[in-house]
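Each residue of the sequence shown is one higher than the one before, counting from 1 in the working numbering. Yeah, the Cβ is synthetic: ideal placement off N, Cα and C, and Gly gets one too. The structure appears below as structure tokens.
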Amino acid sequence: MEIPNLSGSFLSNFVIAFILLLKKPILTSGQFSVIGPAEPIQASLGEEVELPCYLSPPQSAQHMEVVWLQSTRVVHLYQGGDDHFGDQAPNYQGRTELVRDDITNGNVTLKIRNVKFLDAGKYNCLFEDGFHQEEANVELKVLGKETQIPPLPPTYFLILIVLCVVMYLIFVICMLLFQGFFFDETSFWKEWKFALASFLLIITKNIPFTLQIKYYYQQKCHHSTKSDSRDDNKGTRWKFGEHCCIKIWITQNGRPSNGK
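This is the structure we're talking about:
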């Protein structure tokens, strides 16, 4: 009678069983999936909203890295058992919180306070455990009307244009008055010059430097040996014609200075 070779058949069966075990998927503690809400989350402007996200099957996420992203911006980062705000987008600073009441079961809900219109959009909830990472999408819709500054009525623009025109006219008039004051010799400007001289005398009467103004109301002033002459206290001889003349000295303590 022939004896079967049991050792050879046993070895071949072991190899086949080992290959089948390798092909069969095994769910270990390091494998998981991330679940988010199927429908968009709605929130009113200025209120508080919670975006749920959890692991399946339930397992602790305390040792994992959890990142909430909106596009490429970091909304909230949980790493090493603590929150990190160094890489957080400026728009979310001071407004986010990771609810960790049920983190031992893999639930990491993101809370956003004072919801803004810029918060609307799709968020990514990403879990990373060593070399394994999974994520889920959560969509947020913001309800409400955005406050806008009402446009100015046309009346304001009309008033602004009128003010600009008036200011321009005032500038032109002032320039004309300036030119006439210094270069025109009509009787109108003579009176203004006399008024200005009197005003300066009143202002400077209490100043140590006394402004002495001698006003001669004639038609013209010129140096001539044929005209009538008058001598002032400094020996200067003035001749008078058909126009007025003004001569000014500045003295200090009764002594004449060089300015004229």
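key: Start-to-end residues for the beta strand (DSSP E) that takes in VAL75   = Taken as a continuous stretch (DSSP letters only), the beta strand (DSSP E) holding VAL75 covers 73-79.
Task: N-terminal and C-terminal residue of the beta strand (DSSP E) that THR285 is part of - done: Residue 285 cannot be examined here, being either before or after the span of the chain that is shown, 1 to 260.
Quiz item: Nearest to GLY80 by CA position, among GLY130, ASN114, LEU169, is which residue?
Solution: The candidate whose alpha carbon is nearest that of GLY80 is GLY130.
* To do: Measure from the alpha carbon of CYS125 to the alpha carbon of each residue in GLU48, THR155, GLY106, TYR156, then state which is nearest.
  => Among GLU48, THR155, GLY106, TYR156, the Cα nearest to that of CYS125 belongs to GLY106.
Exercise. Among residues of its own chain, excluding the 5 on either side of THR104, which ones have a beta-carbon nearer than 6 angstroms to its beta-carbon?
Worked result: Counting only residues of its own chain and dropping the five nearest sequence neighbours on each side, THR104 has a CB closer than 6 angstroms to the CB of SER60.
*From which residue to which residue does the beta strand (DSSP E) around VAL115 run?*
Taken as a continuous stretch (DSSP letters only), VAL115 belongs to no beta strand (DSSP E), as it is neither H nor E.
Quick one: is MET167 buried, meaning 16 or more other Cβ sit within 10 Å of its Cβ, or exposed?
MET167 should be labelled exposed.
Exercise for the section: Work out the CA separation of CYS53 and LEU27 for me, nearest whole Å. Expected result: For LEU27, the predicted structure reports a pLDDT of 40, less than 50, and the residue's modelled location is therefore unreliable. The matter cannot be settled from this model.
By DSSP, does LEU140 sit in helix, in strand, or in coil?
When DSSP states are grouped into helix, strand and coil, LEU140 belongs to the strand group.
*To the nearest angstrom, how far is it from the Cα of PRO90 to the Cα of ALA120?*
One C-alpha to the other measures close to 16 angstroms.
My guess is that LEU143 and ALA43 are in contact by the Cβ rule of under 8 angstroms, so how many angstroms apart are they, rounded? That pair is a contact at about 7 angstroms.
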